[in-house]
Amino acid sequence: MKELDNAKIGLEIHIQLKTSSKLFCGCSTKSGKPNTEVCEICLGMPGSKPVVNRKAVEFAVKLGLALNCTIQKENFFSRKVYGYPDMSKNFQITQYEFPLCANGNVRFKNKVIRIRRIHIEEDPASIQYPKTISDSDYCLIDYNRAGVPLCEIVTEPDLTSAEEAKEFLEYLISIIDYLDIYDSKNFTIRVDANVSLPGTKRAEIKNITGFRAVEKAIGFEIIRQKGKLRRNEEFKQETMHFDAISNKVIPLREKEFEEDYGYIFDPDLPKLLIEENLIKKIKNEIPELPGEKIKRLIKEYNLSEDIASVLVSEKEICDLFEESIKKAEKELVIRLTTGILKKVLNYNGIKLRESKLTKENFIELLKLIEKNELTVRMADLLLRKLIFSKKNTRELVKELKFTKINDMDKIVEKVLGKNKEAVEDYKKGNSKALHFLIGQVLKEAKEKADAKLIERKILEKI
Amino acid sequence: MKTREFLQEAKDLNKKYNFFITINEKAEDGIPISVKDNICTKGLKTTAGSRILENYEPVFDATVIEKAKKSKYVVVGKTGMDEFGFGSFSTNCAYEIPKNPLDNTRSCGGSSGGGAGYTYASKLSNSSIGESTGGSISCPAAFCSVVGITPTYGLVSRYGLIDYANSLDKIGTFGKSVKDAVKLLNVISGYDEKDSTSIKKGKENYEKYLGKDIKKFKVGVIKEFSNGEGINLEVEKDFWDGVKKLESNGVKCKEVSFKLSDLVLPVYYVIAMCEASTNLAKYCGIRYGMTKELKGTFNEYFSSVRESYFGKEAKRRILLGTFMRMAGYRDAYYIKALKLRSLITQEYKKLFKEFDVLLTPTMPILPPKFSEIEKLNPVENYMCDILTTGPNLSGLPMISVPVKKNRAVGMHFIADHLQENKIISIGDYYERVR
């Protein structure tokens with residue numbers, strides 16, 4: 001990957017802001033049956049007029065402040081004019097000359113990634129094609145999405161490799177997550193990536209969805225540009241499309257220049273003032289963000305940077321860690337939060353905040369382990385249930401009929417007594433004999449026990 | 463008033479003068495008013511004078527219609543206008559062209575022509591809802607010898623008004639008298655949260671400004687707009703007779719210069735066309751309005767719908783407006799016009815430090831014959847708006863009052879923002895002394 005480090009990569013990231021109503025009308029942002037969450041405004045009926053959703057503006061200001069941007073005090077909206085079937089007015093209300101937030105930066109690893117601008121805009125409708133775009137005879141338009149508030153974050157081309165771009169994106173999204181302004185359930189982030197190498201012209205890859213795809217798309221684009229360089233081909237500014245199925249970057253059209261959209265100020269929306277008081281208020285609402293948090297965790301709990309980063313990547317897990325460490329031993333808490341819990345959640349594809357696991361249940365679990373009533377292996381099995389269950393830890397322990405550690409001694413003694421030959425074999429150096437003994441104990445305990453623990457117990461007693 | 467009477471009268475008048483694009487057959491009993499056809503009326507065809515909306519029935523009422531209905535007004539019908547407001551004679555209407563009730567070989571002005579003509583001709587309806595972008599209330603008011611009030615930008619909600627140029631569009635009223643126009647203004651004005659440009663201000667009863675003595679008012683007569691070249695001699699004479707009437711009744715009138723007078727028209731047309739070209743983008747035969755057989759790519763389809771159903775003037779303004787906001791031209795036209803617009807407003811503000819009211823003739827010409835209009839080229843056509851575009855650009859309140867009864871020349875009184883009281887008081891005073 002080292003040889004890719006000379007790439008210049010800038011990202012344009014679109015996220016959906018977590019408001020209950022659309023950006024310019026009162027329609028819900030929840031997706032329902034096609035074309036049910038619509039009104040004269042988001043359908044662009046003649047005579048309808050937009051009214052700005054203040055909440056969306058405040059969310060974007062919050063993000064701007066978190067990314068160290070300057071907040072534009074006097075804001076204007078503009079019309080970006082182009083015709084497309086998903087555009088209800090054939091212009092999109094967005095911001096052009098004066099974005100809400102500008103000139104920010106994010107400390108990322110040992111670099112500073114500059115943020116050029118952040119602005120808000122409305123989402124177009126969604127188009128569904130019965131087949132692929134080129135093979136379809138018709139398309140269907142769902143205006144439920146028309147007018148949903150989006151926030152566009154534009155970075156300077158400060159990223160240098162596909163991997164770094166992906167990692168930065170993950171870090172940025174964790175910041176956005178902390179701010180609680182992003183609707184991750186109904187919206188997958190969309191990214192446009194601008195990529196160039198020394199000696200090539202910038203290509204823009206449009207509409208990449210998902211972190212992995214961003215890494216792949218940029219990676220393939222770099223390879224494509226390198227190939228062209230090697231073959232001494234001429235470069236022109238291009239717009240590309242990344243096809244995630246065939247893993248190909250395909251040219252779309254020659255780059256249109258932004259200005260060709262014939263922007264004018266939207267005359268239906270007067271100057272939007274952001275007052276100093278509002279900025280202050282929003283500043284106070286910003287929680288401790290990942291960067292500061294990592295530093296504090298390292299200092300406060302004497303953690304390694306890796307552990308701290310893993311904890312911070314999901315705010316709720318970090319909160320759980322900090323709650324738990326007051327009640328249980330540090331190494332155990334680390335093992336259960338960053339290791340087992342994270343693994344169980346990932347396996348089920350959910351975030352902690354979407355699970356049913358409570359702080360109380362988790363701490364109870366830790367205590368049971370510390371009291372030697374449960375093994376870590378059992379805790380793993382329990383967590384798989386707890387993340388989906390309304391029951392508390394004790395109820396589930398009963399239900400799962402784990403063999404208590406105290407009962408284990410009896411079972412081990414019983415098995416050893418029955419299998420004296422195997423004990424002898426093991427003493428003579430046959431390690432298979434030990435596995436046989438463990439198997440026998442497990443059988444006796446009806447599998448509800450931890451193999452590691454059994455091994456320890458057997459060895460104690462031989 | 464009984465429905466049948468005013469519907470019958472409207473139909474009879476329509477045969478002679480084409481005031482209406484649509485007559486409201488479903489009208490119930492109430493106080494009859496006519497409404498310009500670019501104001502949305504739920505379930506009642508609203509075409510904005512364009513073929514592209516020939517079959518369009520809005521799904522909602524404009525705020526002014528909601529308010530009028532609550533005050534027992536009923537809509538007699540939707541009045542003829544230039545397509546989307548693009549014109550000064552209502553001759554750019556895609557339907558029958560309204561004729562002047564004073565002389566049916568002449569234009570009743572535009573773009574709110576039908577409403578002004580009907581207000582003059584009807585014996586049953588005293589007022590009408592019109593709309594002005596660059597003079598579309600004042601012009602037909604003068605030509606049809608009725609009163610036209612264009613309020614301060616933002617005083618009347620534009621929600622439900624089909625946009626021409628949103629930063630300029632204002633809904634206002636026509637009346638047989640100042641009082642009639644004021645009564646309807648009372649009903650339709652006031653803050654509306656659905657229009658972000660609506661002014662947050664308590665409701666005012668404008669009738670209390672009628673019958674006032676305004677001898678203390680200082681009136682500034684704008685030199686550049688009241689004399690000489692470009693002003694028809696008959697208009698000039700009538701106008702100055704009117705000024706003398708005011709003076710002989712003790713009102714102080716003083717001639718004053720408006721420095722940016724030659725910039726007003728180009729600035730107006732640049733902004734109006736830029737905005738209009740974006741507003742008209744939505745008409746593409748997908749969600750409403752006229753459609754065609756689905757053929758070709760969406761671009762081909764959009765273009766073919768727009769080619770078939772937009773009129774010539776609409777196409778001209780789309781092309782010019784698009785051109786002036788494109789890269790390379792945007793700064794030279796659109797951005798520059800925005801800057802000049804604020805200078806023009808500052809110039810007015812300066813004058814309002816000295817004067818309560820500014821005065822010009824409403825139109826520089828008498829209502830032209832249809833045969834004369836055909837001979838005008840676009841620029842000559844636009845020149846007719848020279849007197850009305852200034853106050854419209856700055857969003858100032860204005861009133862046009864006939865110089866004499868049944869005379870197609872208007873006295874155009876202009877005041878500072880939100881000083882409707884002054885134009886109403888002086889308009890009403892003039893009506894009494896003329």
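Same order as they appear, the protein sequences are chains W and P. Residue numbers for the first sequence follow the working numbering, so the first one is 1 and each next one is one higher. Residue numbers for the second sequence follow the working numbering, so the first one is 463 and each next one is one higher. Glycine included, each C-beta is placed from N, C-alpha and C at the ideal position. Quantities reported herein were computed from a predicted structural model and do not represent experimental measurements.
Distances from the alpha-carbon of residue 81/W to those of 376/W, 384/W, 260/W put 260/W closest. Contact check for residue 828/P and residue 870/P: beta-carbon distance about 6 Å, within the 8 Å limit, so the pair qualifies. Separation of the CB atoms of residue 729/P and residue 806/P is rounded to 7 Å, and the pair is thereby assigned contact status at 8 Å. Along the stretch 69-96 of chain W, the positions whose C-beta sits under 9 Å from a C-beta of chain P are 79, 81, 82, 83, 84, 85, 87, 88, 89, 90, 91, read in chain order.
When only Cα atoms are considered, residue 163/W and residue 211/W end up about 10 Å apart.
The residue among 780/P, 609/P, 798/P, 858/P with its C-alpha nearest the C-alpha of residue 814/P is 858/P. Per DSSP, the unbroken alpha helix (DSSP H) holding residue 223/W starts and ends at 211-230. In the three-state DSSP reduction, residue 174/W falls in the helix class (H, G or I). Beta-bridge pairing by DSSP links residue 195/W to 9/W, 203/W. For residue 8/W, the closest alpha carbon among the candidates 134/W, 113/W, 141/W is that of 113/W. The stretch 334-364 of chain W is shown to contain whole alpha helix (DSSP H) runs of 4 or more residues at 342-348, in chain order. Contact fails between the stretch 20-33 of chain W and the stretch 503-520 of chain P, because fewer than three Cβ pairs, one in each stretch, are under 8 Å apart. By the criterion of a C-beta distance shorter than 6 Å, residue 67/W is surrounded in its chain by 104, 106, 115, once the five residues flanking it on both sides are discounted. At a cut-off of 9 Å, the C-beta of residue 807/P has no neighbouring C-beta in chain W. Each of 687/P, 542/P, 584/P was checked against the Cα of residue 470/P, and the nearest Cα belongs to 584/P.
Bridge partners of residue 864/P according to DSSP: 872/P.
Chain-order list of chain W residues neighbouring residue 622/P: 47, by C-beta distance under 7 Å. Residue burial is scored here from C-beta neighbours: residue 320/W has at least 16 other C-beta atoms within 10 angstroms and is therefore classed as buried. Ranking 478/P, 881/P, 518/P, 503/P by CA distance to the CA of residue 753/P puts 518/P first.
Non-local C-beta neighbours of residue 413/W in its own chain, meaning closer than 8 Å and more than five positions away in sequence, comprise 461, ordered along the chain. Between residue 524/P and the set 783/P, 506/P, 726/P, 835/P, the nearest pair of CA atoms involves 506/P. Here residue 886/P really is in contact with residue 672/P; their C-beta atoms are around 7 Å apart, less than 8 Å. Under DSSP, residue 822/P forms a beta bridge with 874/P. DSSP places residue 704/P in the helix class (H, G or I) of the three-state scheme.
Using a Cβ distance threshold of 9 Å, residue 560/P and residue 542/P count as a contacting pair.
Nearest in C-alpha terms to residue 361/W, of all of 372/W, 397/W, 421/W, is 397/W. Residue 773/P carries a coil assignment under DSSP once its states are collapsed to helix, strand and coil.
If you check the CB distance, residue 841/P and residue 796/P do not come in under 9 Å. Comparing alpha-carbon positions, the option among 779/P, 844/P, 846/P, 714/P lying closest to residue 816/P turns out to be 714/P.
Less than 9 Å divides the Cβ of residue 888/P from the Cβ of residue 676/P.
For the pair residue 537/P and residue 482/P, the Cα-to-Cα distance works out to about 11 Å.
In the assembly as shown, residue 595/P is a buried residue. Its beta-carbon has 16 or more other beta-carbons within 10 Å. Restricted to the stretch 485-565 of chain P, the beta strand (DSSP E) segments that are unbroken, complete and at least 3 residues in length are 493-498, 535-541, listed in chain order.
Closer than 9 Å to the CB of residue 810/P there is not a single CB belonging to chain W. 520, 521, 522, 524: these are the residues of the stretch 519-541 of chain P whose beta carbon lies less than 8 Å from some beta carbon of chain W, given in chain order. Per the Cβ contact rule, the stretch 84-95 of chain W is not in contact with the stretch 681-699 of chain P (fewer than 3 Cβ pairs under 8 Å).
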